[in-house]
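Encoded as C-alpha cells, the structure appears first; notes follow it.
2 protein chains.
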Amino acid sequence: MAINKQTIILKNKPRIIGHFSMVGPMEGKGPLKDYFDYIVKDDLMKQASYEKSERTMLEHIIFGAIDKAGYKIDDIEAMLGGDLLNQIVTSSFTARKFKITFIGLYSACATMAESLALGAILVDNKVFKNVVAGTCSHFSSAERQYRFPLELGNQRPPTSQWTVTGGGATVLSETGSNIAITAVTFGKVVDFGIKDVNNMGGAMAPAACDTILAHLKNTKTNVDDYDLIATGDLGKLGSEILVDLLERENIILGQNYSDCGCLIFDKTERVFMGGSGSGCSASVLNSYILKKLEAGNFKKVMLVATGALMSTTTSQQGETIPGIAHAITIERL
Amino acid sequence: MAINKQTIILKNKPRIIGHFSMVGPMEGKGPLKDYFDYIVKDDLMKQASYEKSERTMLEHIIFGAIDKAGYKIDDIEAMLGGDLLNQIVTSSFTARKFKITFIGLYSACATMAESLALGAILVDNKVFKNVVAGTCSHFSSAERQYRFPLELGNQRPPTSQWTVTGGGATVLSETGSNIAITAVTFGKVVDFGIKDVNNMGGAMAPAACDTILAHLKNTKTNVDDYDLIATGDLGKLGSEILVDLLERENIILGQNYSDCGCLIFDKTERVFMGGSGSGCSASVLNSYILKKLEAGNFKKVMLVATGALMSTTTSQQGETIPGIAHAITIERL
Numbered sequence: 039m040a041i042n043k044q045t046i047i048l049k050n051k052p053r054i055i056g057h058f059s060m061v062g063p064m065e066g067k068g069p070l071k072d073y074f075d076y077i078v079k080d081d082l083m084k085q086a087s088y089e090k091s092e093r094t095m096l097e098h099i100i101f102g103a104i105d106k107a108g109y110k111i112d113d114i115e116a117m118l119g120g121d122l123l124n125q126i127v128t129s130s131f132t133a134r135k136f137k138i139t140f141i142g143l144y145s146a147c148a149t150m151a152e153s154l155a156l157g158a159i160l161v162d163n164k165v166f167k168n169v170v171a172g173t174c175s176h177f178s179s180a181e182r183q184y185r186f187p188l189e190l191g192n193q194r195p196p197t198s199q200w201t202v203t204g205g206g207a208t209v210l211s212e213t214g215s216n217i218a219i220t221a222v223t224f225g226k227v228v229d230f231g232i233k234d235v236n237n238m239g240g241a242m243a244p245a246a247c248d249t250i251l252a253h254l255k256n257t258k259t260n261v262d263d264y265d266l267i268a269t270g271d272l273g274k275l276g277s278e279i280l281v282d283l284l285e286r287e288n289i290i291l292g293q294n295y296s297d298c299g300c301l302i303f304d305k306t307e308r309v310f311m312g313g314s315g316s317g318c319s320a321s322v323l324n325s326y327i328l329k330k331l332e333a334g335n336f337k338k339v340m341l342v343a344t345g346a347l348m349s350t351t352t353s354q355q356g357e358t359i360p361g362i363a364h365a366i367t368i369e370r371l
Numbered sequence: 039m040a041i042n043k044q045t046i047i048l049k050n051k052p053r054i055i056g057h058f059s060m061v062g063p064m065e066g067k068g069p070l071k072d073y074f075d076y077i078v079k080d081d082l083m084k085q086a087s088y089e090k091s092e093r094t095m096l097e098h099i100i101f102g103a104i105d106k107a108g109y110k111i112d113d114i115e116a117m118l119g120g121d122l123l124n125q126i127v128t129s130s131f132t133a134r135k136f137k138i139t140f141i142g143l144y145s146a147c148a149t150m151a152e153s154l155a156l157g158a159i160l161v162d163n164k165v166f167k168n169v170v171a172g173t174c175s176h177f178s179s180a181e182r183q184y185r186f187p188l189e190l191g192n193q194r195p196p197t198s199q200w201t202v203t204g205g206g207a208t209v210l211s212e213t214g215s216n217i218a219i220t221a222v223t224f225g226k227v228v229d230f231g232i233k234d235v236n237n238m239g240g241a242m243a244p245a246a247c248d249t250i251l252a253h254l255k256n257t258k259t260n261v262d263d264y265d266l267i268a269t270g271d272l273g274k275l276g277s278e279i280l281v282d283l284l285e286r287e288n289i290i291l292g293q294n295y296s297d298c299g300c301l302i303f304d305k306t307e308r309v310f311m312g313g314s315g316s317g318c319s320a321s322v323l324n325s326y327i328l329k330k331l332e333a334g335n336f337k338k339v340m341l342v343a344t345g346a347l348m349s350t351t352t353s354q355q356g357e358t359i360p361g362i363a364h365a366i367t368i369e370r371l
C-alpha cells in the first residue's frame, strides 16, 4: 500500500498552448513590465467595486488565454480555478459568464498550481481534450476582506506582503506546442506554528520546503536540473527561511532559485517583503516564466505555488496559519 | 472540437469501499436517524466555537470513513474536499491534522459530488489507488457567517432552508466492493436571476435541471433507469421548481425523485423548506443512499448535489445568485 501519494508523472506531457497575464498599474511598473500581456491603467476598471473589477480582470484573462490558444470559449471543455475572495466568487461568476463546465478549487495563493496540476492530469488521461486553468487577485478586494478597510490607511508592518492586482490563465491541450507539464506534486498541509497574519511568507515556507523535497525525490531530479525553481509568494523573508530549511536537508538552492513575489516588484515600490496573492504566481508564470521557456532561455522550470490556508475567523480564534504548496514541472521539449 | 464536455464515463468503475456519516442532534431525530453512523448529543462537541466543532466533526467523519474501509490514514493516498466556511478552513485544518495530500475544492453545497466526481476520475485513471472525499457543514457556523448572529434570534422567512449540522465522507478505491461510481457530470454555472438569499432552492433548481439533462443525455439513460434520483438540497420549493423545469423538457420526475434536504428533516421540525448545506447531501449519501445500495434496495442512483455560488459580498452588491450542480451515478454491480 502506497503511503500518501503526492507526485504524478504525466506520461503524455500535456502541452501549454495558450497563456495570458494581466496586472494592475503598480505591477505594470515593476521589473516584469515587458512580459505582461496587458497592464490596466485604472485598477478599478470602471467598475462599481474592487470585487467587480477583480472579476472583470479574470474574465479578460480567461478570454485572453483561450484566444491566444487559437480557440473560442466553446472549444474549451472545462475551466478549473479558484481565488482568494470568500466562496471563490471571482472564478464562479466568470464561469457563469462563459457558460463553461466549471471545477471550483481552492488552495489560497497556491491555486494556480493546483488548477494546472489537476488540469494537466485530466488532459494527460484524456478525460478532457483541453482545459483552461486560471486565477486572479486584487490588492483592494483582498485588503478589505482579509485585513482592514482601505480608508483606514492602516500602517503595514515590515514583514507584510502586497497582494498582487492581476492574474493569469493557461490553456492545456493534448498537443499543439513544445512546452509541457511533465510532473506535478500535490502538497500536504504543513503548519509551522506562526500566528502573525503579517508574516505569511514565514508561515508558508515550511510547506514549500516539504513539497520541494517530495517533488525532487519523486521525480528523481535535483536542484541543478532546473533552470528556474520559483516559489509562489513567499516574499523576501519567506524565501530566506525556505533556503535555510532546505539547507538543513542538504539541498542548496542557488542562483536558479527565485520567488514570484520578489520578481514582480522592485525595491522602489513600497511593498515590504514583496508580492503575494493567488494572482502573483499566476501572473508571473503566464508572462515571464512561460515566455522565457518559449524563447528557449529556460528548458526546465519548477513552479512551487504556496498558499496560507487560514481565514480571518481562524486567526481571530487564535489558530496558527497552515500552509500548502503544490509543485509543477514545466519543460521545453 | 468537442463543445464543453461535462460527462465522463468511468470505464474501470471505481468502488466505494468505506463511508461514514455523522450529524447533529436535530438531524438525528429526523426520518433518517437509523441510517446515520453517529449522532452527536451536543452540537458544540465540547469545543470553544462552532467553527471548531464543525472541524472536529469532519475529523471524525474522515477518520470514520477510512476506518470503515479497513485502512489507516497513511494508507489513503489523497483527500479531496471543501466546505462552506470562508477559505474552506474546516477541510484544510482537517487535512493538516491527518498530514495527508490535500486537494481543496469548492462548489458550495455541491462539494460532496464535486469531490466524489474528481476522486472517481483520479482512481479510474489510476492516478491514485484510493482517495477519501468528504465534507461537513454546521448550522451555527454557517448561520453566523452567511446570515445573522445566532444571538439576534432573527425570524426565518418561509422559503428559507436549514443548514445541516453534519457531513459524510467516502473512500474510493480500484477494487473492494460491488458499489461503484460509473459516470459523473460536472455542472455549468447557471443563473436564474434570483437575488433572495432566503430562496436558495429556487436559485439552484435551474442548475440541477441543466445538469440532469446533460447527465441523462450523455449517459444515454432515462429517468426510469434510476431507483433514486436525489438532488442535494433544493428543499421543498426548489424541488417543485425542478419538477416543473424538467417537465418543460418532457422529462417527468416520478416517485423515484427525492431531495436530500427533504429526506433529512420531517415536518415536525421547524426547518421550513428543508435541509441545506454541504453536509446535507454528504450525510444523506453516506448513510441512507449507500446503505440502501449495499442492502440491494437500490441498484442505480443519480446524486445531483446543488450549490449556490454567491458570497455575502456579492449579495450585498446586488448580484443575483448563480447555481451549480454536479451529478454522479452510483451503481450496485
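Taken in sequence, the protein lines are chains A and B.
Per my numbering, the first sequence starts with residue 39, numbered consecutively.
Per my numbering, the second sequence starts with residue 39, numbered consecutively.
The beta-carbon is built from N, C-alpha and C at its ideal position, and this holds for glycine as well.
CA-to-CA distance, residue j to residue i, given in whole angstroms
| i | j | result |
| --- | --- | --- |
| TYR10 (chain B) | SER178 (chain B) | Shown here, chain B extends from 39 to 371; a query on residue 10 (chain B) therefore has no answer. |
| MET242 (chain A) | VAL261 (chain B) | 49 angstroms |
| MET39 (chain A) | LYS167 (chain B) | At MET39 (chain A), the pLDDT of 41 sits below 50, so the modelled position is not reliable; the number obtained from the coordinates is stated separately. Cα to Cα, MET39 (chain A) sits roughly 9 angstroms from LYS167 (chain B). |
| VAL235 (chain A) | LYS338 (chain B) | 48 angstroms |
| LYS90 (chain B) | ALA245 (chain A) | 23 angstroms |
| LEU48 (chain A) | ALA218 (chain A) | 9 angstroms |
| ASP304 (chain A) | SER296 (chain A) | 13 angstroms |
| MET238 (chain B) | GLY120 (chain B) | 19 angstroms |
| THR249 (chain A) | VAL228 (chain A) | 10 angstroms |
| PHE136 (chain B) | ASP113 (chain B) | 11 angstroms |
| ASP271 (chain B) | SER130 (chain A) | 19 angstroms |
| LYS258 (chain B) | ALA252 (chain B) | 10 angstroms |
| GLY356 (chain A) | ALA86 (chain B) | 11 angstroms |
| ILE267 (chain B) | ALA333 (chain B) | 18 angstroms |
| LYS330 (chain A) | ASP80 (chain A) | 28 angstroms |
| TYR144 (chain B) | ILE368 (chain A) | 26 angstroms |
| LEU371 (chain A) | MET348 (chain A) | 38 angstroms |
| SER321 (chain B) | CYS147 (chain B) | 12 angstroms |
| ASN42 (chain A) | ASN288 (chain B) | 47 angstroms |
| GLY273 (chain B) | TYR109 (chain A) | 40 angstroms |
| HIS98 (chain A) | CYS300 (chain B) | 41 angstroms |
| GLU212 (chain B) | ALA133 (chain B) | 22 angstroms |
C-beta atoms of residue i and residue j nearer than 7 angstroms
| i | j | result |
| --- | --- | --- |
| CYS174 (chain B) | GLY142 (chain B) | no |
| VAL51 (chain B) | THR220 (chain B) | In the sequence on display, residue 51 (chain B) carries Lys and not Val. Taking 7 angstroms as the Cβ cut-off, LYS51 (chain B) and THR220 (chain B) qualify as a contacting pair. |
| VAL222 (chain A) | GLY317 (chain A) | no |
| GLY240 (chain B) | ILE232 (chain B) | yes |
| THR128 (chain A) | ARG93 (chain A) | yes |
| TYR73 (chain A) | SER325 (chain A) | yes |
| LEU118 (chain B) | LEU70 (chain B) | no |
| MET311 (chain A) | LEU275 (chain A) | yes |
| SER314 (chain A) | CYS298 (chain A) | no |
| VAL309 (chain A) | TRP200 (chain A) | yes |
| GLU181 (chain A) | LEU188 (chain A) | yes |
| VAL161 (chain B) | ILE46 (chain A) | no |
| ASP265 (chain A) | PHE336 (chain A) | yes |
| ASP208 (chain A) | ILE111 (chain A) | First, the residue type needs correcting, since residue 208 (chain A) is Thr and not Asp in the sequence shown. Not a contact, by the Cβ cut-off of 7 angstroms. |
| ILE247 (chain B) | LEU210 (chain B) | Per the sequence shown, the amino acid found at residue 247 (chain B) is Cys instead of Ile. Not closer than 7 angstroms, so no. |
Beta-carbon separation (whole angstroms), residue i vs residue j, contact threshold 8 angstroms
| i | j | result |
| --- | --- | --- |
| GLU65 (chain B) | ILE302 (chain B) | 6 angstroms |
| VAL170 (chain B) | ILE100 (chain B) | 6 angstroms |
| PHE58 (chain A) | ALA116 (chain A) | 17 angstroms between Cβ atoms; not a contact. |
| ASN163 (chain B) | ASN163 (chain A) | 4 angstroms |
| ILE359 (chain A) | ALA346 (chain A) | 5 angstroms |
| MET60 (chain B) | MET83 (chain B) | Rounded, the Cβ-Cβ distance is 10 angstroms, inconsistent with contact. |
| ALA107 (chain B) | GLY56 (chain B) | 3 angstroms |
| TYR184 (chain A) | THR350 (chain A) | 6 angstroms |
| ASN124 (chain A) | ASN124 (chain B) | 5 angstroms |
Using a Cβ distance threshold of 8 angstroms, determine whether the region 186 to 198 of chain B contacts the region 332 to 342 of chain B, with at least three qualifying pairs required. no
Curious, which full-length beta strand (DSSP E) runs of at least 3 residues does the region 289 to 325 of chain A contain? 295 to 297
Quick one: any contact between the region 360 to 371 of chain B and the region 149 to 157 of chain B, if contact means 3 or more CB pairs under 8 angstroms? yes
Beta strand (DSSP E) runs wholly inside the region 210 to 244 of chain B, at least 3 long, in chain order: 217 to 223
Which whole runs of the alpha helix (DSSP H) in the region 137 to 190 of chain B are 4 residues long or more, in chain order? 149 to 162 and 177 to 184
Which residue spans inside the region 51 to 124 of chain B form an unbroken alpha helix (DSSP H) run of at least 4? 88 to 106
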